[in-house]
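Residue numbers (the UniProt record's numbering): 1 to 228.
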């Protein structure tokens, strides 16, 4: 990777792209973990109420997010500053043709009058995602005389054009019940995504924040850029 001047956005974006390609499987020497896949941990999702035709409690364990680092396109990266007395407000905008979320699931709920109690593996496909991430980071002086960035806030908003579910062992893999239920779930994606998508984003933000902070802890911010 090469250094850029502070105001050379094209260079900064190119170096960010190189980083994602080169280090998507982590930097073992610095104990920085892989972002392909991104480890999201356990997600707990509640959708619908007792009077709704569709309601469920969903637990997703060992959740991983795939294809973000190798298929996403960085559209913009701004907010770096030479002023080390104020917090930085970094904003990056990313688009991705498809992202896959995999997990071991447990679900307990109902669809109309049909109880749904199952466990197995699941895949959620998210298509044509556009995301905007805002990071607040505070420059900190450390004992080595350099300034490092301390992330104080990390938030992403995203839009997805469509999504779909696939779940193994639904109704003990009774083909008719499984296929008809998955069809209803996928037809209702827009409604379900209001409960599911925020949980995925929150978990992804936590994971990305951790990885980025580990990188910021290794590279002094005052050495990020070439002198102009």
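Every residue gets a Cβ at the ideal spot worked out from N, C-alpha and C, and that includes glycine.
Contact between the segment 76-85 and the segment 23-33 is absent: fewer than three C-beta pairs spanning the two stretches fall below 8 Å. Listed as beta-bridge partners of residue 103 by DSSP are 122.
Contact between the segment 79-99 and the segment 40-56 is absent: fewer than 3 CB-CB pairs across the two stretches fall below 8 Å. Boundaries of the beta strand (DSSP E) harbouring residue 157: 147-167, taken from the DSSP string.
With distances taken between CA atoms, residue 60 lies nearest to 203 out of 203, 11 and 181. Inter-segment contact for the segment 112-119 and the segment 149-163 is absent: fewer than three beta-carbon pairs are separated by less than 8 Å. For residue 41, DSSP records a beta bridge to 63. Around residue 109, the same chain offers 55, 56, 57 and 116 as residues with beta carbons nearer than 7 Å, after the five sequence neighbours per side are excluded. Take residue 132, set aside five residues on each side of it, and the residues of its chain with a beta-carbon closer than 6 Å to its own are 93 and 157, in chain order.
Apart from the 5 residues on each side of it in sequence, residue 46 sits with its Cβ closer than 6 Å to the Cβ of 57 in its chain, given in chain order. Boundaries of the beta strand (DSSP E) around residue 78: 73-78.
For residue 57, the beta-bridge partners assigned by DSSP are 46 and 108.
Linking residue 7 to residue 69 through their CA atoms gives a straight-line distance of about 25 Å.
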